[in-house]
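I have placed the structure first, in the form of structure tokens, so that the comments after it can refer back to it.
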Amino acid sequence: EADIYQTPRYLVIGTGKKITLECSQTMGHDKMYWYQQDPGMELHLIHYSYGVNSTEKGDLSSESTVSRIRTEHFPLTLESARPSHTSQYLCASSDWGPNQPQHFGDGTRLSIL
Amino acid sequence: AQTVTQSQPEMSVQEAETVTLSCTYDTSESDYYLFWYKQPPSRQMILVIRQEAYKQQNATENRFSVNFQKAAKSFSLKISDSQLGDAAMYFCALYNFNKFYFGSGTKLNVKP
Numbered sequence: 001e002a003d004i005y006q007t008p009r010y011l012v013i014g015t016g017k018k019i020t021l022e023c024s025q026t027m028g029h030d031k032m033y034w035y036q037q038d039p040g041m042e043l044h045l046i047h048y049s050y051g052v053n054s055t056e057k058g059d060l061s062s063e064s065t066v067s068r069i070r071t072e073h074f075p076l077t078l079e080s081a082r083p084s085h086t087s088q089y090l091c092a093s094s095d096w097g098p099n100q101p102q103h104f105g106d107g108t109r110l111s112i113l
Numbered sequence: 114a115q116t117v118t119q120s121q122p123e124m125s126v127q128e129a130e131t132v133t134l135s136c137t138y139d140t141s142e143s144d145y146y147l148f149w150y151k152q153p154p155s156r157q158m159i160l161v162i163r164q165e166a167y168k169q170q171n172a173t174e175n176r177f178s179v180n181f182q183k184a185a186k187s188f189s190l191k192i193s194d195s196q197l198g199d200a201a202m203y204f205c206a207l208y209n210f211n212k213f214y215f216g217s218g219t220k221l222n223v224k225p
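Sequences listed follow chains A and B, in order.
The first sequence begins at 1 in the working numbering and counts up by one.
The second sequence begins at 114 in the working numbering and counts up by one.
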């Protein structure tokens, strides 16, 4: 089992609320990623980071923001949740090197009412 | 642009039989890496097998093997002696330019 943790696993919340999805890894990986995945669909990269104070937007436009103040922590924030944000959010990390696989968290299933 | 295509949304296999999942990709690069990931229901996505594009030899991991055809940009996954625990979504992924590009997945059902 990979040492990468996401909380909460499930979240149902009303429109307009501020949400932070937590992601932590204990493997010392510099590279971390956030993906958005609708049920039974492909993963879309929304944010990634190559290390502390490094954040980049992914291929899928997202209204969320991320921060990377510590190597092990890569939280994702939605300032004002909307029903269109309903999805599963997967966090992943990997070591440097092109053949290094990504280690995934369990995901957060987010439902905005 | 990097794209990964999995043309089989869902497949079924009888326990102990062999099944092959298809994946094609597109990239203009000559140096890249390919992966198959497994996502069981409500569980973590985990790595199944990986292949370096510069290696001609097909990767194998126990019951899992790939058929890598670089010229055809094809990367299929073969699961031998299928087990009930193999039931999951399988994603093909291309690593290039420090990013992973995923296909839409194939749901594998294993019948007892």
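Every residue, glycine too, gets a C-beta built ideally from N, C-alpha and C.
Does any residue of chain B have a CB that is nearer than 8 Å to the CB of A/Leu90? Taking the first sequence and counting its residues from 1, one reaches residue 90 of chain A at position 90. Closer than 8 Å to some Cβ of chain B, the Cβ of A/Leu90 qualifies, so yes.
So A/Leu72 contacts chain B; which residues on that side make the cut at Cβ distance below 7 Å? Residue 72 of chain A sits at position 72 when you count from the first residue of the first sequence. It is Glu, not Leu, that sits at residue 72 of chain A in the sequence shown. Within 7 Å Cβ-Cβ: nothing; A/Glu72 doesn't reach chain B, min ~18 Å.
Is the region 130 to 147 of chain B in contact with the region 208 to 220 of chain B, if contact means three or more CB pairs nearer than 8 Å? A contact exists between the region 130 to 147 of chain B and the region 208 to 220 of chain B.
Run the CB neighbour count on B/Pro154, radius 10 Å, all protein chains shown included, and call it buried at 16 or more, exposed below. The sequence position of residue 154 of chain B within the second sequence is 41, counting from 1. B/Pro154 should be labelled exposed.
Test: A/Pro101 CB closer than 8 Å to a CB of chain B: Working through the first sequence from its first residue, we reach residue 101 of chain A at position 101. Yes, its Cβ sits closer than 8 Å to a Cβ of chain B.
Return the Cβ separation of A/His44 and A/Ser93 in integer angstroms, given the expectation that the two are a contact with Cβ distance under 8 Å. Here residue 44 of chain A corresponds to residue number 44 of the first sequence, with the count starting at 1. Here residue 93 of chain A corresponds to residue number 93 of the first sequence, with the count starting at 1. Rounded, the Cβ-Cβ distance is 18 Å, inconsistent with contact.
B/Ser178 versus A/Arg82: straight-line alpha-carbon distance, rounded: Here residue 178 of chain B is taken as the residue at index 65 of the second sequence, counted from 1. Here residue 82 of chain A is taken as the residue at index 82 of the first sequence, counted from 1. Roughly 43 Å between the two C-alpha positions.
Got a sec: which bits of the region 211 to 223 of chain B sit with their beta carbon under 9 Å from any beta carbon on chain A, in order along the chain? Asn211, Lys212, Phe213, Tyr214, Phe215, Gly216, Ser217, Gly218, Lys220
Where do the ends of the beta strand (DSSP E) carrying B/Ala206 lie? Residue mapping note: residue 206 of chain B aligns to position 93 of the second sequence, counting from 1. Element bounds for B/Ala206: 201 to 209.
Taking the CB atoms as reference points, tell me whether A/Ile4 and A/Phe104 lie closer together than 8 Å. For this step, residue 4 of chain A is matched to residue 4 along the first sequence. For this step, residue 104 of chain A is matched to residue 104 along the first sequence. Their beta carbons are under 8 Å apart, which means A/Ile4 touches A/Phe104 by this criterion.
By DSSP's criteria, A/Ile4 is part of a beta bridge. Which residues make up the other side? The residue given as residue 4 of chain A occupies position 4 in the first sequence. In DSSP, A/Ile4 forms a bridge with A/Gln25.
Three-state class that DSSP yields for A/Gly105 in the structure shown: Within the first sequence, residue 105 of chain A is the residue found at index 105, counting from 1. DSSP places A/Gly105 in coil when its eight states are reduced to three.
Where does A/Ser54 land, buried or exposed, given buried means 16+ other C-beta within 10 angstroms? Taking the first sequence and counting its residues from 1, one reaches residue 54 of chain A at position 54. With fewer than 16 other Cβ atoms within 10 Å, it is exposed.
Which residues bound the beta strand (DSSP E) around A/Ile46? As a working note, residue 46 of chain A is residue 46 in the first sequence. Here the beta strand (DSSP E) through A/Ile46 covers 43 to 51.
Does chain B have any CB closer than 8 Å to the CB of A/Glu22? What you label residue 22 of chain A is simply residue 22 of the first sequence in a count that begins at 1. Not closer than 8 Å to any Cβ of chain B, the Cβ of A/Glu22 fails to qualify, so no.
Which residues of chain B have a Cβ atom closer than 9 Å to the Cβ of A/Leu45, listed in chain order? As a first step, residue 45 of chain A is located in the first sequence; it is residue number 45 there, counting from the start. Simply Lys212, Phe213, Tyr214, Phe215.
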